[in-house]
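Remarks on the structure that follows.
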Amino acid sequence: MYKSTGIHSPEPLPLETDRLILRPWRACDREPFAAMSSDPEVMAYLLPFASPEAVDTWIARQQAHLATHGFCLWAIESRDTGEFMGAAGLLRIGYQAHFAPAVEVGWRLARRFWGKGYAPEAASAAINFGFDRLGLQEIVANTVPNNSNSRRVMEKLGMSYDPADDFDHPLVPADSPLRRQVLYRLPRARWTTAVR
Ligand SMILES: CC(C)(COP(=O)(O)OP(=O)(O)OC[C@H]1O[C@@H](n2cnc3c(N)ncnc32)[C@H](O)[C@@H]1OP(=O)(O)O)[C@@H](O)C(=O)NCCC(=O)NCCS
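With this note's numbering as the guide, the letters of the sequence shown map in order to residues 11 to 206.
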């Protein structure tokens, strides 16, 4: 269980993998992030941004979460090309739920980067950070039942699913098809060097 001290460790950022850099958000990320956020395929299972300002608010929320807790959904940059690719990282569950308090791992990529294993690669770095640097005992992930790509990433990461954990997301409108969510769990003990 994650207990925030409100004081984050200053290190280590950015997180680097073979192909990716997970780093704090920069002003230049705004345009490519807004573009991917207007792609219906990317947003099929995510709550849409109601306005251009909502995109800015989302990025500002990541920056504030990073400043407070030392982690967030970081911007993903290609090590090869420097291109902005999407977002991945860790967030505190900020709502009431049967599994909270908890930290979740999350991801979203621009469409042209799908299918190359980037999300599992980025998530692995974030999970290493969560277990090694934050000392978490468990990391969770959630999505809607139909988001098979995201569920596949959870499976690749060795996360496990129990239908008894299904829940209604309190921040999603009651009449939205996105309200019902599945939950995957990754206990620290199951995170082996095999997937690092
Ligand atoms: C979920 C997401 C991040 C997966 O990232 P990724 O880097 O493509 O992940 P992977 O390469 O490991 O592919 C995962 C699965 O997606 C599917 N997939 C792969 N390439 C695909 C493509 N070009 N088009 C559609 N689906 C594809 C496959 O089922 C794949 O599983 P497999 O490797 O066993 O074949 C990405 O699909 C995405 O950004 N989706 C929209 C945002 C979203 O829903 N985020 C999650 C919110 S909970």
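Backbone N, C-alpha and C fix where the C-beta goes; we use that ideal spot for every residue, glycine too.
Is any heavy atom of ligand 1 found at a distance shorter than 8 Å from the C-beta of residue i?
{"i": "P111", "result": "no"}
{"i": "V52", "result": "yes"}
{"i": "N138", "result": "no"}
DSSP on residue i, reduced to helix/strand/coil?
{"i": "E93", "result": "coil"}
{"i": "D210", "result": "A question about residue 210 goes unanswered here, because the residues of the chain that appear run from 11 up to 206."}
{"i": "P130", "result": "helix"}
{"i": "A98", "result": "strand"}
{"i": "L181", "result": "coil"}
{"i": "L6", "result": "Because the chain spans 11 through 206 in this model, residue 6 falls outside it and cannot be assessed."}
{"i": "Q106", "result": "coil"}
{"i": "L76", "result": "helix"}
{"i": "W68", "result": "helix"}
{"i": "D142", "result": "helix"}
Roughly how many angstroms lie between the CA atoms of residue i and residue j, to the nearest whole one?
{"i": "E87", "j": "C38", "result": "11 Å"}
{"i": "D97", "j": "Y194", "result": "As written in the sequence, residue 97 is Ala, which differs from the Asp given in the question. Their Cα atoms are separated by approximately 19 Å."}
{"i": "P183", "j": "S47", "result": "19 Å"}
{"i": "A120", "j": "Y128", "result": "11 Å"}
{"i": "T163", "j": "R33", "result": "One detail in the question is off: residue 163 reads as Val in this sequence, not Thr. Going by the C-alpha atoms only, they are around 21 Å apart."}
{"i": "A136", "j": "D185", "result": "33 Å"}
{"i": "N152", "j": "F109", "result": "11 Å"}
{"i": "I69", "j": "W35", "result": "7 Å"}
{"i": "L25", "j": "Y105", "result": "27 Å"}
Can you name the start and end residues of the alpha helix (DSSP H) that residue i belongs to?
{"i": "G40", "result": "One point to set straight first is that residue 40 is Arg, not Gly, in the sequence displayed. R40 to M46 is the extent of the alpha helix (DSSP H) around R40."}
{"i": "A60", "result": "Neither: A60 is in no alpha helix (DSSP H) and is coded neither H nor E."}
{"i": "R190", "result": "Unbroken run through R190 is the beta strand (DSSP E), R190 to P197; no alpha helix (DSSP H)."}
{"i": "S158", "result": "S158 to K166"}
Start and end of the beta strand (DSSP E) containing residue i?
{"i": "I86", "result": "L83 to S88"}
{"i": "I31", "result": "L30 to R33"}
{"i": "A151", "result": "E148 to T153"}
{"i": "R118", "result": "V113 to L119"}
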